[in-house]
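Heads up, the thing below is written out as structure tokens.
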Amino acid sequence: MSLHSAATILPYPELASALSEGDAAALIKLSNASQVWAYEKYISTLLAIQGSITPIDDLPPEILRMVFAYVPSEQVWWDETAWMLSLQLVCRRWRSVLLATPGYWVQGIDRVMDLYKRDNRSLLVSDSTEEDTRVQVLDLFLNRSAPYPLELTMAYMSEARCPGWRAFEKHLDRVTVFEVDAMDAADLQENILPAVTTEMKQLESLALDVDHFNMSTKGLDRWEAQNLPRLRDLTISSYLFCRATTVPSLRTVVLTGERYIESLSALLPALEGCPALATLSLHLDSNHRRRKGNKRRTPERIVDLPNLLHLNVAGTTSEIYSFLSFVSFPSTTHIQLVVNNVHRVEDPLLLLPSMLPRHHWSAYTSPNIDRLHLHKGTPRWLYSHGGCVSMRGYIQGNERLSIVPALGSNVDADGLVQFLNTFSACTLTELALDLRSRYHTSPFWASFFAALPDLRRLELLSQATSQYPDPELRKINLTIACEFLKASKGRLGTSLAWVLRAFEGCPGDLDQELWDVEMALSYLAEVGGHLERLELYIVTPTSKDLFPYRDPAEPIDLKQLATNGTASRSVARAYISRLEEAADVVVISGGWGFLEDDEQDLEAYINDDEDVRTWRTRKTVKDSGNVL
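Each residue of the sequence shown is one higher than the one before, counting from 119 in this note's numbering.
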């Protein structure tokens with residue numbers, strides 16, 4: 119076979135003329151394309167084997183450094199410290215690149231060494247030789263990580279309790295994030311505060327925990343923070359927060375523990391020293407809570423917090439009111455009030471007026487809030503009766519006001535209506551109910567919805583966390599739906615979202631709930647009303663996978679519901695023809711695939727990390743010919 123004939127079976131025959139005589143002679147032995155393909159497989163296999171056992175030689179140093187910077191994030195079972203050090207022994211080039219990659223070594227401090235985490239028991243060593251070795255390795259990692267910023271989390275800093283602390287001293291100017299749990303007052307005074315205020319010039323975030331031990335505050339409120347020009351986030355014990363511990367650059371302040379309302383004279387100047395403050399969280403208490411006749415203070419002046427966006431205040435109604443009376447925050451977009459004495463309030467209907475001063479109440483209720491979410495439950499850590507009702511107010515889908523709880527457990531149906539009257543100046547167009555209440559009489563719900571003349575959308579979420587059928591709550595939901603539809607007669611854009619349960623082992627229960635939906639819609643037709651949009655969310659509640667860790671104070675969002683695909687498909691097939699007669703748009707949410715009917719319109723879209731499939735049927739209006 120000639121060279122020309124052999125070349126024609128090669129992938130690139132025009133290159134054959136450039137081969138040496140020896141290679142050309144080898145090509146003559148190739149008789150067909152299958153042999154060429156076989157040799158290509160052998161060559162690819164050999165190259166793959168060579169690449170798996172040969173160090174990376176061809177990558178540019180910049181890319182190789184990026185690869186090495188991510189290596190320590192992978193968890194391994196053996197000694198991670200020795201493993202990280204062993205990479206520099208692979209070849210001379212790897213060592214030079216690793217030494218020029220400070221991000222690789224800084225992860226060794228945070229993830230691999232992990233000497234100073236409070237849960238690490240490796241510090242409890244009796245062998246001084248082993249201790250010295252650890253300190254030397256730590257010093258090696260610190261030096262090689264320079265000048266990369268350091269983020270340190272420590273349980274303590276004293277040399278006696280923390281061997282190797284001295285290795286950090288010459289690198290404190292690199293620390294940007296520092297979280298420390300002081301062991302005692304001596305550790306705080308002699309080690310932590312001097313290091314923070316004199317050495318950590320680049321510090322951006324500081325979390326100082328001293329709440330677990332009793333100590334005198336004498337002298338501790340005098341430490342100077344003016345040497346921290348970049349400090350943005352501060353988490354500190356309430357009684358340590360004062361004007362001396364603030365800097366103008368602070369944007370987030372979280373005060374741990376309880377702050378006595380009697381110390382407002384020290385708290386307000388501290389807040390005034392944070393002109394850039396955007397987030398504030400604190401828990402108020404009182405030394406004189408048990409004293410009778412404790413009158414509210416009248417502010418001599420109001421401290422303005424012009425850039426505050428998020429405010430979280432916990433305490434009794436009186437303490438919250440007193441604090442809010444002394445401050446103004448015109449730019450705040452979210453305020454959360456956590457009430458810890460709702461069970462002692464004589465008149466829970468006065469809860470809101472007793473917390474929000476008039477100049478704040480008008481700013482955060484009227485006329486902006488357009489959606490209310492009323493839900494039964496309070497946080498697990500908050501002492502209150504399980505029947506308390508919390509509320510959240512929204513403006514154009516964004517949460518603006520949260521009160522936990524907003525109503526006590528002894529509030530009756532009339533009280534709930536009076537509570538709604540508090541928002542009479544608002545234009546409430548949407549309401550979500552997760553009360554699981556026993557307010558089930560038609561007259562009550564009629565007066566309830568009469569207090570909401572602008573309401574256009576109702577979400578029935580009650581019982582969404584139940585594991586078993588509850589006929590009583592089913593009856594309540596039907597009553598609520600009927601009274602809402604009756605009250606919304608003649609309104610444009612009326613929408614009803616209804617969460618239905620398909621209980622495992624009880625297929626008949628879903629039929630009963632769907633019967634309730636049909637009953638409500640038939641009632642609407644009888645009174646001459648019309649529903650523009652109906653949304654059905656079919657869920658199968660189980661203790662295992664439906665909100666197992668949900669905080670009762672957190673409102674249920676329809677987007678959070680794990681819908682049942684089989685039940686949704688069954689509903690679409692059996693009921694949609696009947697339901698569409700009473701609504702222009704019917705939406706059935708479920709994680710199910712395409713249906714067989716080509717005329718059905720299936721839309722798929724991505725919502726966060728979940729595929730949510732929405733099936734819509736549109737009914738043609740015969741008179742106008744428009745599709746709604």
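All C-beta atoms in this analysis are idealised placements derived from N, C-alpha and C, irrespective of residue type, glycine included. Computed from a predicted model, the values in this text were never measured in an experiment.
Query                                                                                                                             : Result
Backbone secondary structure at residue 425 - three-state DSSP                                                                    : coil
Alpha-carbon spacing of residue 366 relative to residue 359, whole angstroms                                                      : 14 Å
Residue-level contact to chain B via CB, residue 157, 7 Å cutoff                                                                  : Included in the structure is just one protein chain, with no chain B present.
Validate contact between the region 389-402 and the region 427-442 using beta carbons, cut 8 Å, 3 pairs                           : yes
Alpha-carbon to alpha-carbon, residue 580 and residue 285                                                                         : 58 Å
Segment limits, alpha helix (DSSP H) that includes residue 516                                                                    : Residue 516 -> not in any alpha helix (DSSP H); beta strand (DSSP E) instead, spanning 516-525.
Residue 322 (DSSP reduced to helix, strand or coil)                                                                               : coil
For residue 684, the three-state DSSP class (helix, strand or coil)                                                               : helix
Where residue 616 falls: helix, strand or coil (DSSP)                                                                             : strand
Close beta carbons around residue 565, own chain, < 6 Å, minus the five adjacent residues each side                               : 535
Ranges of the beta strand (DSSP E) found wholly within the region 552-602, counting only runs of at least 3                       : 575-578
Identified DSSP bridge partners for residue 159                                                                                   : Residue 159 is not bridged to any residue.
Beta-carbon proximity check, residue 362 vs residue 328, cutoff 7 Å                                                               : no
Spatial distance of residue 384 from residue 602 (CA atoms)                                                                       : 51 Å
Simplified DSSP state of residue 533, which is helix, strand or coil                                                              : helix
Counted within 10 angstroms of its Cβ, other Cβ atoms place residue 200 as buried (16 or more) or exposed                         : exposed
Residue 748 (DSSP reduced to helix, strand or coil)                                                                               : The requested residue 748 does not occur in the structure, where the chain is confined to residues 119 to 746.
Residue span of the beta strand (DSSP E) that contains residue 208, given as start and end                                        : Element bounds for residue 208: n/a, residue is neither H nor E.
Best match in 607, 356, 218 for proximity to residue 325 [C-alpha to C-alpha]                                                     : 356
Best match in 521, 184, 570 for proximity to residue 545 [C-alpha to C-alpha]                                                     : 570
Distance CB(residue 490)-CB(residue 511) smaller than 7 Å                                                                         : yes
Beta-carbon contacts of residue 560 that lie in its chain and below 7 Å, excluding the five residues immediately before and after : 597, 601
Per-residue DSSP class, three states only, for residue 697                                                                        : helix
Nearest residue (CA-CA) to residue 350, options 604, 396, 576                                                                     : 396
Expected contact under 8 Å - CB spacing of residue 615 and residue 655 to nearest Å                                               : 7 Å
Pair within 7 Å by beta-carbon distance, residue 494 and residue 554                                                              : yes
Limits of the unbroken alpha helix (DSSP H) element including residue 386                                                         : 382-390
C-beta contact flag for residue 453 and residue 368 at 7 Å                                                                        : no
Beta-carbon proximity check, residue 266 vs residue 220, cutoff 7 Å                                                               : yes
Continuous alpha helix (DSSP H) stretch holding residue 653: start and end                                                        : Where residue 653 is concerned, there is no enclosing alpha helix (DSSP H), although the beta strand (DSSP E) it sits in stretches over 649-657.
DSSP bridge partner residues for residue 378 (one or two, in chain order)                                                         : 403
Closest by C-alpha distance to residue 562, when choosing among 533, 271, 543                                                     : 533
Residue 607 to residue 645 span [Cα, whole Å]                                                                                     : 8 Å
Within 7 Å, strictly: CB atoms of residue 618 and residue 631                                                                     : yes
Nearest candidate by alpha-carbon position, reference residue 427, set 434, 448, 418, 186                                         : 448
Residues that DSSP places opposite residue 289 in a beta bridge                                                                   : BP columns for residue 289 are empty, so no partner.
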